[in-house]
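Residue 1 is where the sequence shown starts when you use full-length UniProt numbering, and the numbers rise one by one after that.
To start, the structure itself, in structure tokens.
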Amino acid sequence: MDRRKEELEKKRQKLAELRRAREERKAILESQSSQTHASTTSTMSSGAGRDRRAIDDLVAMVLGERSSTSSSQGVGGSDRGSDTGSDFTSSRPTSGNYSSIPSTPISNDPRLSIGSQPVIHTPTYVAELTEAQAFIADIPPLEHVVYSKEIQTSEGSFDVPQLSEEEIRQQIMDELEIKEKQKQAQLEEERLRAEQEKTEEYQDLTDEERKLILGAPEFIDFVDNSSKMVERALNEKYDFMKDYTLGGDIESDETSGKRVKYVCEFWDDRWSKNRSVTDVDWSSKYPELLVSSYNKNPMAPNEPDGVAMVWNLHLLERPEFVFHSQSDVLSVRFSKFHPNYVIGGTYSGQIVLWDTRAKSLPVLKTPLSAGGHTHPVYSLEMVGTQNAHNLISGSTDGFICSWQLDMLAQPQDYLELQHAAHNKTDEVSVTTVGFPDNETTTFWVGTEEGNVYQASRYDSAGSKSGINQYDTYRGHYGAITGLHFHPLSGPVDFSDLFLTSSVDWTVKLWRAKSASKASTQPTSIAPLYSFEHSDDYVYDVKWSPSHPAMFGSVDGNGQFDLWDLNTNTEEPFVSTPVGSGKALNKLAWDKEGRKTAIGASDGRVYVYDIGEIATPKADDWHLLQKNISEMISNQENLTK
1 MDRRKEELEK KRQKLAELRR AREERKAILE SQSSQTHAST TSTMSSGAGR DRRAIDDLVA
61 MVLGERSSTS SSQGVGGSDR GSDTGSDFTS SRPTSGNYSS IPSTPISNDP RLSIGSQPVI
121 HTPTYVAELT EAQAFIADIP PLEHVVYSKE IQTSEGSFDV PQLSEEEIRQ QIMDELEIKE
181 KQKQAQLEEE RLRAEQEKTE EYQDLTDEER KLILGAPEFI DFVDNSSKMV ERALNEKYDF
241 MKDYTLGGDI ESDETSGKRV KYVCEFWDDR WSKNRSVTDV DWSSKYPELL VSSYNKNPMA
301 PNEPDGVAMV WNLHLLERPE FVFHSQSDVL SVRFSKFHPN YVIGGTYSGQ IVLWDTRAKS
361 LPVLKTPLSA GGHTHPVYSL EMVGTQNAHN LISGSTDGFI CSWQLDMLAQ PQDYLELQHA
421 AHNKTDEVSV TTVGFPDNET TTFWVGTEEG NVYQASRYDS AGSKSGINQY DTYRGHYGAI
481 TGLHFHPLSG PVDFSDLFLT SSVDWTVKLW RAKSASKAST QPTSIAPLYS FEHSDDYVYD
541 VKWSPSHPAM FGSVDGNGQF DLWDLNTNTE EPFVSTPVGS GKALNKLAWD KEGRKTAIGA
601 SDGRVYVYDI GEIATPKADD WHLLQKNISE MISNQENLTK
């Protein structure tokens with residue numbers, strides 16, 4: 001700041017000196033200007049006299065008169081020239097604005113120059129001075145960076161090195177090694193510090209604490225659910241190496257048209273071992289889920305007698321849910337209207353209800369009393385709609401019970417099936433129950449003696465509830481193992497057709513009489529057709545939900561037969577051995593009719609993909625109608 005003040009003070013002094021010099025110069029110029037004006041005035045007056053004399057001389061010369069004073073005028077001219085020269089003795093200013101004042105000659109006639117020299121006036125410059133204000137700009141000077149010799153070069157830098165090249169290299173390597181060791185030591189120190197901090201932060205658990213954590217229900221549920229998700233993702237079978245430029249596989253029509261593809265099998269080492277599959281069913285809500293029921297394991301008396309397991313097509317190694325029962329589970333169903341409910345019929349006659357949101361034990365079950373079933377429950381059916389539905393159960397004690405799922409303490413109503421013509425007792429031992437689609441009152445039952453009966457849940461005009469005493473469907477010579485009505489789908493109604501399977505090695509096709517056409521006299525109804533391809537007990541038969549003329553059956557030889565009535569009625573369309581040849585107990589189609597689940601007596605559940613065979617053609621319904629009409633006409637011809 002002091003230096004800055006000194007610089008400003010110097011500039012002020014210099015400015016004051018400049019102003020003083022300018023005032024002095026201005027005074028000098030004013031004095032010179034006054035003198036010049038006076039001399040100019042005198043010159044102009046003398047010049048006017050000279051002009052008059054020049055005119056007189058000219059006139060005299062023209063008249064031939066020579067003036068006596070011409071020589072003196074020449075001398076005077078020279079004097080005037082000297083006088084004129086004295087007019088320009090004023091000094092020219094060195095600064096300021098100047099304006100030239102040219103002098104005008106008296107005459108430009110060249111004749112005037114004869115005998116005398118012309119008078120030439122030099123212009124006079126007058127300085128015009130103006131006052132200007134000086135603007136002082138405070139601009140700091142640029143900083144000039146100057147390097148000294150000591151900064152640019154070090155002393156002795158251009159001297160010849162005293163070390164050899166190898167010594168320099170060795171010195172550099174030593175320095176690098178020292179730096180590497182320092183770096184390693186620093187890393188080791190940081191690692192030790194991190195381990196120490198980790199040890200201080202995480203302390204080892206004791207055995208008691210570890211057991212307490214591993215045994216916590218929340219931890220077990222978390223591990224179970226998380227591992228299931230991972231296994232589902234890992235079991236996703238997608239060929240990511242597929243080459244779409246090659247096109248599809250080229251196969252013959254016979255090979256591609258007649259092929260049932262094996263998908264997977266379900267087996268659990270703990271719960272499936274030494275048990276038989278007693279029933280299978282697909283979920284109507286989740287197409288990848290199916291449930292299977294099992295009887296007791298005689299080699300594990302401490303385990304529950306009955307088991308039901310829910311399997312997932314994306315989780316092949318273990319079941320999604322495992323449900324327990326105190327008695328063998330002989331029949332099992334997913335609830336059509338409650339996706340979380342699984343219903344089971346047991347050997348003791350109890351109906352149990354499991355919930356996938358709860359634990360393995362039933363959330364509801366019927367009591368062991370005379371109010372319900374007292375014999376094994378082999379058949380379960382869900383009838384009705386979303387807002388009004390009932391569970392219908394059939395048992396070998398001859399009772400048909402109707403239940404509401406939220407109240408299993410006692411049945412809503414029960415029906416005792418009795419037939420006067422029964423060979424031993426009046427009670428009819430029911431092994432299977434079947435309802436036509438959209439029918440909730442009239443149903444058909446298969447019995448142990450091999451007959452099929454029509455029955456009604458309620459009294460109606462002209463008939464009472466219970467078994468129709470007059471119409472008997474006779475044709476089997478052994479217990480009925482399966483009964484299934486044709487699904488109501490497609491342009492033609494075949495819901496009056498039903499299939500039965502029996503231990504007499506046959507599958508039979510029936511046409512049900514309408515309830516309004518009940519006979520008044522004892523009538524024996526024969527089957528429309530008998531399929532006698534199997535060489536062992538036929539344990540189950542089911543219509544395809546998509547193809548009108550297709551159904552499947554399973555038998556004791558481990559054979560899965562797929563029949564197409566529009567193609568051949570003598571031989572199955574496809575016959576496939578399943579598993580290791582053990583007896584196959586139950587068969588179930590999925591909702592779309594594309595897959596079948598087959599339960600075996602060795603505790604395994606097999607899944608097969610039917611493929612394009614299950615897709616019907618446009619004329620399959622009319623072709624089946626024609627074939628059924630031929631069967632009916634053949635039956636009428638035989639009865640005549």
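Even for Gly, the Cβ is constructed at its ideal location relative to N, Cα and C.
Assuming residue i is part of the alpha helix (DSSP H), what are its boundary residues?
{"i": "Asp609", "result": "From DSSP, Asp609 is part of no alpha helix (DSSP H) but of the beta strand (DSSP E) over Val605 to Asp609."}
{"i": "Lys513", "result": "Where Lys513 is concerned, there is no enclosing alpha helix (DSSP H), given that its DSSP letter is neither H nor E."}
Counting along the chain, where does the beta strand (DSSP E) carrying residue i start and finish?
{"i": "Ile213", "result": "Premise fails: Ile213 lies in the alpha helix (DSSP H), Asp207 to Leu214, not in any beta strand (DSSP E)."}
{"i": "Thr523", "result": "Thr523 to Ile525"}
{"i": "His389", "result": "His389 to Ser395"}
{"i": "Glu416", "result": "Asp413 to Glu416"}
{"i": "Met309", "result": "Gly306 to Asn312"}
{"i": "Pro577", "result": "Val574 to Pro577"}
{"i": "Phe321", "result": "Phe321 to Ser325"}
{"i": "Lys586", "result": "Leu584 to Trp589"}
{"i": "Ile343", "result": "Tyr341 to Thr346"}
{"i": "Tyr477", "result": "Note, Tyr477: premise wrong, no beta strand (DSSP E); not H, not E."}
{"i": "Gln454", "result": "Val452 to Ser456"}
{"i": "Arg333", "result": "Val329 to Phe334"}
Run through the DSSP bridge pairs and tell me what residue i is partnered with.
{"i": "Asn568", "result": "Asp564"}
{"i": "Thr432", "result": "Gly446"}
{"i": "Glu265", "result": "Tyr606"}
{"i": "His484", "result": "Leu499"}
{"i": "Ser379", "result": "Gly394"}
{"i": "Gln404", "result": "Met407"}
{"i": "Thr356", "result": "Looking at the DSSP assignment, Thr356 forms no beta bridge with any residue, so it has no partner."}
{"i": "Trp282", "result": "Leu290"}
{"i": "Gly593", "result": "The partner list for Gly593 (beta bridge, DSSP) is empty, contrary to what the question assumes."}
{"i": "Val507", "result": "Ser501 and Phe531"}
{"i": "Leu315", "result": "Asn312"}
{"i": "Glu427", "result": "Gln418"}
{"i": "Asp540", "result": "Val554"}
Work out the CA separation of residue j and residue i for me, nearest whole Å.
{"i": "Val445", "j": "Ile213", "result": "54 Å"}
{"i": "Gln625", "j": "Ile613", "result": "19 Å"}
{"i": "Val277", "j": "Ile598", "result": "9 Å"}
{"i": "Leu417", "j": "Trp271", "result": "36 Å"}
{"i": "Asn568", "j": "Val280", "result": "28 Å"}
{"i": "Arg604", "j": "Lys542", "result": "19 Å"}
{"i": "Ala600", "j": "Lys517", "result": "40 Å"}
{"i": "Glu23", "j": "Ala16", "result": "11 Å"}
{"i": "Ser544", "j": "Phe551", "result": "5 Å"}
{"i": "Arg52", "j": "Glu30", "result": "34 Å"}
{"i": "Ser103", "j": "Asp56", "result": "Confidence at Ser103 is low in this model, with a pLDDT of 43, below 50, so the placement of that residue should be treated as unreliable; the coordinate-derived value is given next. Their backbone Cα atoms lie some 23 Å apart in a straight line."}
{"i": "Gly76", "j": "Ala54", "result": "Model confidence at Gly76 stands at a pLDDT of 42, short of 50, so the residue's coordinates are unreliable; what they give is reported in the following sentence. Computed Cα separation, rounded: 12 Å."}
{"i": "Ala549", "j": "Lys228", "result": "39 Å"}
{"i": "Asn468", "j": "Lys273", "result": "43 Å"}
{"i": "Gly450", "j": "Ile480", "result": "5 Å"}
{"i": "Leu562", "j": "Thr596", "result": "11 Å"}
{"i": "Arg19", "j": "Gln35", "result": "25 Å"}
{"i": "Pro367", "j": "Gln350", "result": "7 Å"}
{"i": "Ile632", "j": "Leu528", "result": "6 Å"}
{"i": "Lys464", "j": "Ser456", "result": "8 Å"}
{"i": "Gly398", "j": "Thr356", "result": "31 Å"}
{"i": "Val291", "j": "Leu192", "result": "56 Å"}
{"i": "Asp207", "j": "Pro362", "result": "35 Å"}
{"i": "Ala185", "j": "Lys179", "result": "10 Å"}
{"i": "Glu433", "j": "Lys617", "result": "For clarity, residue 433 is Val in the given sequence; the question names Glu instead. Straight-line Cα distance between these residues: approximately 31 Å."}
{"i": "Ser116", "j": "Thr130", "result": "Only weak support is given to the placement of Ser116: the predicted model assigns it a pLDDT of 47, under 50, and the question is left unresolved by the model."}
For residue i, decide whether its Cβ has a neighbour in chain B, counting only Cβ atoms nearer than 7 Å.
{"i": "Leu187", "result": "Within the model displayed, chain B is absent; a lone protein chain is all it includes."}
When every heavy atom of the ligand FAD is checked, does at least one fall within less than 6 Å of the C-beta of residue i?
{"i": "Gln186", "result": "Annotation note on the ligand FAD: not contained in the displayed structure, which lists no ligands."}
Looking only at C-alpha atoms, which of the options sits nearest to residue i?
{"i": "Arg259", "options": "Val574, Gly593, Gln635 and Gln186", "result": "Val574"}
{"i": "Glu592", "options": "Asp564, Pro487, Gly558 and Arg169", "result": "Pro487"}
{"i": "Ile610", "options": "His547, Ser633, Asp619 and Asn627", "result": "His547"}
{"i": "Trp403", "options": "Asn312, Glu175, Gly345 and Thr442", "result": "Gly345"}
{"i": "Tyr341", "options": "Phe498, Glu630, Leu405 and Thr440", "result": "Leu405"}
{"i": "Val503", "options": "Pro522, Phe485, Lys5 and Val538", "result": "Val538"}
{"i": "Gly556", "options": "Thr576, Asn566, Ala583 and Val578", "result": "Ala583"}
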